[in-house]
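J.: Numbering (mature numbering (1 follows the signal peptide of the UniProt record, and there is no 0)), first residue to last: -22 to -1, 1 to 329.
First the structure, then my questions, so here it is.
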Amino acid sequence: MTLKGIFNIAFSCLFFNYFIQASHYVTKPLKDVQLREEDSQSIDARSPTECILKCQNQLKKKGFYTKDNACYCTNGTIIESTTGQNNSGLDGNLFLEREIKGFKSCNDVFNSGITENGFYDIEVDGGVKISKECHFDKRDCQAWRDDDYFLTGSYEIFIPGLGLKNVRCEMDNLGKGWISIQHRFDGSVDFHRSWEEYKNGFGDVNGEFWLGNEVLHQLTKEDNDTFQWVFKATAFDGVIQESSYGGFSIGSEGTNYLLTIGSLTNGMNSIFGNVEFTTYDRDNDSASFNCAFKSATYKNGGFWYSTCEALQPNGEYSDSQFSAYQKNIFWYNFRGYMESMKETLMMIRKT
């Protein structure tokens, strides 16, 4: 097989130990250009991907082309063809550098059309470049866990419709990787937020956060995928209670991010299905008032409320165990309406 034919092989099958310059490329049909071959230099390469990596990193050339099953590196010196014919005798396409522009994230790399896992130059604060390993094939935390990533922490997963998203993966000791969608433990983040903020997510996945309703919709919208939902609450006396349901999915924004959920599979009841999401500026609950904004002193967060009676994980955070009636983070079936939770964690995984 020629190097030209290898263009059609998926990049995921190619693995190289090179760092590539963070640049964007544009192709030109060879019939439109001629190349001064004296400006080129050949190098051994097994594929077009390896060709361009070696051209950039070893020979410091800006582009490459293939000819007679070999790789040639060039700085892209071209002469416009006056005849419109391919007089260069080159096969494949000539790749010329369009601009040198630092990527800010792995998502920038992916959006440029690159889909191969590997190390890329990423610009951080102050224009400093670091070599970061980007993965474009991980669709959930379980994929990371299956690759022997055992530590709970921040990972990037690919979400259809949204691209790469930084999420917190909870890795348990049973070989399961969970996507954390909410975490509260110190009150550092205000959860009394608008519809748009709950839609897009807020906070820091390494601290307190809400992942985002649109992310949840894109993750769970496929009919052939089923998700398990788990809610864990830690009381101020250290007791931990769990609630687990199957059949978790979130509808589109057009449905007000409608919650669909199956039967309780473990722990205590905590949540109701077929409920739309409510925020202080979008009242979709069944109560006679807005569960996310009962009064000026009851500024609760957004959630899938029914009649405000079962669970309020996004209420005001309290540093003390006991609080006013339904004011703070409560779980009625666990500790009633007047005892606040010290920590809450909400997470999902594909089953």
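Glycine included, every Cβ here is placed at the ideal spot set by N, Cα and C.
Using 8 Å as the threshold, is the region 285 to 301 in touch with the region 102 to 116, meaning 3 or more CB pairs across them?
T.: No: the two stretches stay apart, fewer than three of their Cβ pairs being nearer than 8 Å.
J.: When you compare only the Cα positions, how much space is there between Phe180 and Gly224?
T.: Taking the first residue of the sequence shown as position 1, residue 180 is located at position 202. Taking the first residue of the sequence shown as position 1, residue 224 is located at position 246. Distance between the alpha carbons of Phe180 and Gly224 is about 26 Å.
J.: For Cys147, which beta-bridge partners are listed by DSSP?
T.: Taking the sequence shown and counting its residues from 1, one reaches residue 147 at position 169. In the DSSP output, where bridge partners are listed per residue, Cys147 has Gly131, Ile157.
J.: Roughly how many whole angstroms lie between the Cα atoms of Phe169 and Ser83?
T.: Mapped onto the sequence shown, residue 169 falls at position 191. Mapped onto the sequence shown, residue 83 falls at position 105. Rounded to the nearest angstrom, the two C-alpha atoms are 27 Å apart.
J.: To the nearest angstrom, report how far apart Asn234 and Arg171 are at their CA atoms.
T.: In the sequence shown, the residue the question calls residue 234 occupies position 256. In the sequence shown, the residue the question calls residue 171 occupies position 193. Roughly 16 Å between the two C-alpha positions.
J.: Buried or exposed: which applies to Gly279, given that a residue is buried once 16 or more other Cβ atoms fall within 10 Å of its Cβ?
T.: Position 301 of the sequence shown holds residue 279. With 16 or more other Cβ atoms within 10 Å, it is buried.
J.: Mind checking which residues open and close the beta strand (DSSP E) that includes Cys84?
T.: Along the sequence shown, read from residue 1 onward, the residue named residue 84 stands at position 106. First-last for Cys84: 84 to 89, but that is the alpha helix (DSSP H), not the beta strand (DSSP E).
J.: Could you please give the first and the last residue of the uninterrupted alpha helix (DSSP H) stretch that includes Ala121?
T.: Taking the first residue of the sequence shown as position 1, residue 121 is located at position 143. Run containing Ala121: 119 to 124, per the alpha helix (DSSP H) assignment.
J.: Which residues mark the beginning and the end of the alpha helix (DSSP H) in which Tyr176 is found?
T.: For the purposes of this step, residue 176 is identified with residue 198 of the sequence shown, where counting begins at 1. Per DSSP, Tyr176 belongs to the alpha helix (DSSP H) from 173 to 178.
J.: Considering just the uninterrupted stretch of the beta strand (DSSP E) at Thr93, what are its terminal residues?
T.: The residue labelled residue 93 in the question sits at position 115 within the sequence shown. Per DSSP, Thr93 belongs to no beta strand (DSSP E) and is neither H nor E.
J.: Within the chosen definition, does the region 316 to 326 reach the region 198 to 214 through at least 3 CB pairs nearer than 8 Å?
T.: Short answer: they touch.
J.: State the DSSP-derived secondary structure class of Glu294, mapped to helix, strand or coil.
T.: Translated into positions along the sequence shown, residue 294 becomes position 316. Three-state result, Glu294: strand.
J.: Kindly list the residues whose CB is nearer than 7 Å to the CB of Cys269, restricted to its own chain and excluding five residues on each side of it in sequence; keep chain order.
T.: For the purposes of this step, residue 269 is taken as residue 291 along the sequence shown, with counting starting at 1. Contacts found: Thr256, Asp263, Asn278, Tyr283, Cys286.
J.: Quick one: any contact between the region 305 to 321 and the region 144 to 158, if contact means 3 or more CB pairs under 8 Å?
T.: No: the two stretches stay apart, fewer than three of their Cβ pairs being nearer than 8 Å.
J.: Given Glu192, which residues of its chain have a CB within under 6 Å of its CB, disregarding the five upstream and five downstream residues?
T.: What you label residue 192 is simply residue 214 of the sequence shown in a count that begins at 1. Same-chain partners within the cutoff: Lys177.
J.: If you draw a straight line from the alpha carbon of Tyr98 to that of Asp126, how long is it in whole angstroms?
T.: For the purposes of this step, residue 98 is taken as the residue at position 120 of the sequence shown. For the purposes of this step, residue 126 is taken as the residue at position 148 of the sequence shown. The alpha-carbon atoms of Tyr98 and Asp126 are separated by roughly 22 Å.
J.: CA-CA distance, Trp173 and Arg162?
T.: Position 195 of the sequence shown, counting from 1, holds the residue named residue 173. Position 184 of the sequence shown, counting from 1, holds the residue named residue 162. Approximately 19 Å, taken between the alpha carbons.
J.: What did DSSP end up calling Leu242 once you bin it into helix, strand or coil?
T.: By 1-based counting over the sequence shown, the position of residue 242 is 264. Correct three-state label for Leu242: strand.
J.: Within the same chain, show all residues whose beta-carbon is closer than 8 Å to that of Phe81, passing over the 5 residues directly before and after it, in chain order.
T.: To locate residue 81, count along the sequence shown from 1; it is residue 103. Taken in chain order, the residues that qualify are Ala(-1), Val87, Ser90, Tyr98, Asp99, Ile100, Glu101.
J.: Can you tell me whether Ser18 is buried or exposed, with buried defined as 16 or more other CB within 10 angstroms of its CB?
T.: Residue mapping note: residue 18 aligns to position 40 of the sequence shown, counting from 1. Classification for Ser18: buried.
J.: Just how far apart, CA to CA, sit Gly240 and Phe205?
T.: To locate residue 240, count along the sequence shown from 1; it is residue 262. To locate residue 205, count along the sequence shown from 1; it is residue 227. Going by the C-alpha atoms only, they are around 10 Å apart.
J.: Note down the Cα distance separating Glu186 from Ile21, rounded to an integer number of angstroms.
T.: What you label residue 186 is simply residue 208 of the sequence shown in a count that begins at 1. What you label residue 21 is simply residue 43 of the sequence shown in a count that begins at 1. Those two C-alpha atoms are separated by around 51 Å.
J.: The beta strand (DSSP E) that contains Arg327, what's its start and end?
T.: Taking the first residue of the sequence shown as position 1, residue 327 is located at position 349. Element bounds for Arg327: 319 to 328.
J.: Helix, strand or coil: which one does DSSP assign to Leu152?
T.: Numbered from 1 along the sequence shown, position 174 holds the residue referred to as residue 152. Leu152 falls in the coil class under three-state DSSP.
J.: Can you give the beta carbon distance from Ile135 to Asp118, rounded, assuming they're within the 8 Å contact cut?
T.: Position 157 of the sequence shown, counted from the first residue, corresponds to residue 135. Position 140 of the sequence shown, counted from the first residue, corresponds to residue 118. Ile135 to Asp118, Cβ: 6 Å. Contact.
J.: In whole angstroms, give me the CA-to-CA distance for Ser221 and Phe128.
T.: Taking the sequence shown and counting its residues from 1, one reaches residue 221 at position 243. Taking the sequence shown and counting its residues from 1, one reaches residue 128 at position 150. Each residue's alpha carbon lies about 24 Å from the other.
J.: Could you check if Thr329 is buried or exposed, using at least 16 other CB atoms within 10 Å of its CB as the buried criterion?
T.: Your numbering for residue 329 matches position 351 in the sequence shown. Label assigned to Thr329: exposed.
J.: Cα separation between Ser301 and Leu237?
T.: Translated into the one-based positions of the sequence shown, residue 301 becomes position 323. Translated into the one-based positions of the sequence shown, residue 237 becomes position 259. Approximately 29 Å between the Cα atoms of the pair.
J.: Given a cut-off of 8 Å on the beta-carbon distance, is the pair Ile159 and His195 in contact?
T.: On the sequence shown, residue 159 is found 181 positions in, with the first residue counted as 1. On the sequence shown, residue 195 is found 217 positions in, with the first residue counted as 1. No, the Cβ-Cβ distance between Ile159 and His195 is not below 8 Å.
J.: Do Leu37 and Asn85 have their C-beta atoms within less than 8 Å of each other?
T.: Counting from 1 along the sequence shown, the entry for residue 37 is found at position 59. Counting from 1 along the sequence shown, the entry for residue 85 is found at position 107. No, they are not a contact pair.
J.: With distances taken from CA atoms, which of Lys199, Phe271, Trp188, Asn144 is nearest Gly165?
T.: Numbered from 1 along the sequence shown, position 187 holds the residue referred to as residue 165. Of the candidates Lys199, Phe271, Trp188, Asn144, the one whose C-alpha sits nearest the C-alpha of Gly165 is Trp188.
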